[in-house]
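Sequential numbering from 1 applies to the sequence shown in our numbering.
By construction, the Cβ of each residue, glycine as well, lies at the ideal position given by its N, Cα and C atoms.
The structure displayed is predicted, hence computed values, not measured ones.
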Amino acid sequence: MLNMNLNLSLLFFFISCLMFSYFYKHLLLTLISLEFIMLNISINLYMLMNMINLNLFFMSLFFTIMICESIMGLCLLIFMVRNNGNDYLKNLSLIKW
């Protein structure tokens, strides 16, 4: 059962990496695919920690970092939409910032 869950999670990870490389034009779709990648990593980490009987303190720390990262991405998305009017990454230039 664990092997099937691990294979399914690995499949989801590769699908989310494919989504990340396919939807590179819009910032919102890129952020959604990054969150899907982080969710897959957290599922793998949870299965690994249950398998070796470790405490779940590291999981709570990982979720805290994951939430802060997603909030920062959404703040950047809001800032970009207010300044540019869209979320296209082709209009983004770091020289303007």
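Would you check if the distance between the CB atom of E35 and the CB atom of S60 is smaller than 7 Å?
-> Translated into the one-based positions of the sequence shown, residue 35 becomes position 35. Translated into the one-based positions of the sequence shown, residue 60 becomes position 60. Cβ distance not < 7 Å, so E35 and S60 don't count as in contact.
Can you tell me the Cα-Cα spacing of M51 and I41, whole angstroms?
-> Within the sequence shown, numbered from 1, the residue matching residue 51 stands at position 51. Within the sequence shown, numbered from 1, the residue matching residue 41 stands at position 41. Spanning the two alpha carbons is a distance of roughly 15 Å.
8 Å Cβ shell around S21 - same chain, five flanking residues per side excluded | Taking the sequence shown and counting its residues from 1, the one referred to as residue 21 is at position 21. Nothing listed; no residue qualifies.
Between which two residues does the alpha helix (DSSP H) carrying I65 extend?
-> The sequence position of residue 65 within the sequence shown is 65, counting from 1. Unbroken alpha helix (DSSP H) run through I65: F57 to N84.
I think I37 touches C17, with their Cβ atoms under 8 Å apart; what is that distance to the nearest whole Å?
-> Your numbering for residue 37 matches position 37 in the sequence shown. Your numbering for residue 17 matches position 17 in the sequence shown. Contact holds; Cβ gap of about 7 Å.
Presumed contact (8 Å Cβ cut-off) between F58 and M49, rounded CB distance = Within the sequence shown, the letter at position 58 stands for residue 58. Within the sequence shown, the letter at position 49 stands for residue 49. Yes, F58 and M49 are in contact; Cβ-Cβ is about 7 Å, under 8 Å.
Within its chain, find whatever has a CB closer than 7 Å to the CB of L27; leave out the 5 residues flanking it on each side and keep chain order.
-> The residue you call residue 27 lines up with position 27 of the sequence shown. L77, M80, D87 and L89.
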